[in-house]
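Notes to accompany the following structure.
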Amino acid sequence: MIDKIRFKQMDALRLENEWLRVVVIPALGGKVASMYKKDKQFELLFQHKEEAYQKPGKYAAFAEYDAAGFDDAFPSIDAGKVWVGQQELEYPDHGEIWTADFSYVIEGDDRVSLTYQSPAFGYRYQKQLTLQDKTLRLHYHITNHGEAMFPCIWAMHCLLRCEEDMELEFPPGTQTVLNVQDSASLGPAGQLHSYPVTRNRDGRQYRLDRVLPATSGTTKKYYTCGRVAEGRCGVYYPSQQVRYQVVFDKEKLPYVGFWVTEGGFRGDYNCALEPANGYYDAIDIAKRNQALYCLAPGETLSFELAMKLD
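The sequence shown begins at 1 in UniProt numbering and counts up by one.
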């Protein structure tokens, strides 16, 4: 069943079945604002703390807005100037999509298709969301209608609610992570750590598959080191007896980043496991790492994700 509703003062679509209730906001980039497991009365996604969303402009600073729910970060995470053919273009902070106004078509009682045509960058961005039993399936098609190669990073910026006893499940086979943000715990950006257990700056044992309490006042970001061996990751919430898993194509999205704020960013307590097609965050860094995807003129990048809440 799909209904048109108002959600925090925005027009939204509610997809609902026996197990899940999902809220999507077309005017905020097709943001998945809520993914709610009905039998456990469990909300997976970090919720906007205000009563109403604000509509950001294209070059808005991501940190000045809600920083909640599941946004698509495309065509980059970090802002910056990028050469596209003979033009130097400014890529917005966390990409263009989170600020974009999507058109949509409701297809039957379990599927919605959303579309955006970028006037600034010349790509057509389509995503289809289907609610199927305990799983939200997302199919993406991004087509370059420009005349030049389009360097781009796509990342799943999906902010999950943190709980102190949650268990992070990185892709199977993960043995090493790369710290990409200077950290009091993990040291300078660029430092490698064994996974799931490493040593912090003080030499004490530190678990990378757990989070600290919300009172810690910290933030961290690290990536699996290089390409993943399997396309799945997730979180287990023991006190809720709920498991979240995202399954993805490891050939299309071969990297996984992890962000957590344990009260260090605006007092928020959330984290994100972020499958991505670039390594990592910024176009110039990914290019330097030989891990940058370029979408050729006329080419379509297609991939899918499955978010399961069990």
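Glycine included, C-beta positions come from ideal geometry on N, C-alpha and C. These numbers were taken from a predicted model, which means no experiment stands behind them.
| Check | Outcome |
| --- | --- |
| Pairwise C-alpha distance: Gln86 and Glu274 | 31 Å |
| Test item: CB-CB of Phe258 and Gly231 under 7 Å | no |
| Straight-line Cα distance separating Gln47 from Cys162 | 11 Å |
| Coarse secondary structure for Ser113, derived from DSSP in three states | strand |
| Span separating the alpha-carbon of Met1 from that of Val228 | 36 Å |
| Among Glu167, Ile77, Pro26, nearest to residue 336 - alpha-carbon criterion | Residue 336 lies beyond the range of the chain shown here (1 to 310); nothing can be said about it. |
| Inter-stretch contact at 8 Å, needing at least 3 Cβ pairs: the stretch 261-270 / the stretch 132-150 | no |
| Lys220 burial status per 10 Å Cβ neighbour count (16 or more: buried) | buried |
| Those residues which DSSP pairs with Asp72 across a bridge | Met156 |
| Same chain only: Cβ atoms within 8 Å of Gln241, ignoring 5 sequence neighbours per side | Lys40 |
| Endpoints, the alpha helix (DSSP H) within which Arg288 is located | 283-288 |
| Tyr209 to Pro196 span [Cα, whole Å] | One point to set straight first is that residue 209 is Asp, not Tyr, in the sequence displayed. If you take the alpha carbons of Asp209 and Pro196, they lie about 6 Å apart. |
| Own chain residues within Cβ distance below 8 Å of Gly173, not counting five before or after | Val228, Ala229, Glu230 |
| Residue range of the unbroken beta strand (DSSP E) whose run includes residue 311 | Coverage of the chain is limited to positions 1 through 310, which leaves residue 311 absent and any answer about it impossible. |
| Identity of the residue in Gly95, Cys158, Pro56 nearest Ala306 by Cα | Cys158 |
| Beta-bridge partners of Glu299, as assigned by DSSP | DSSP, once it has assigned bridges, lists no residue as partnering Glu299. |
| Chain-order list of residues whose beta-carbon lies under 8 Å from that of Met149 (same chain, five-residue window excluded) | Val84, Gly85, Cys294, Leu295, Ala296, Pro297 |
| For Met307, the residue or residues it bridges with in DSSP | Leu136, Val246 |
| Three-pair Cβ contact test at 8 Å for the stretch 19-35 versus the stretch 96-104 | yes |
| C-beta contact flag for Lys308 and Gln245 at 7 Å | yes |
| Distance, Val260 Cα to Asp268 Cα | 9 Å |
| Rounded straight-line distance, which links the Cα of Trp19 to that of Lys38 | 6 Å |
| For Glu164, the three-state DSSP class (helix, strand or coil) | coil |
| Length of the line joining the Cα atoms of Ser239 and Glu164 | 10 Å |
| Alpha carbon of Gln128 to alpha carbon of Tyr140, nearest angstrom | 7 Å |
| Length-filtered (3 minimum) beta strand (DSSP E) runs lying within the stretch 1-60 | 2-7, 10-16, 20-25, 31-37 |
| Any 3 or more C-beta pairs closer than 8 Å across the stretch 166-186 and the stretch 198-214 | yes |
| Limits of the beta strand (DSSP E) - the one that Glu107 falls within | 103-107 |
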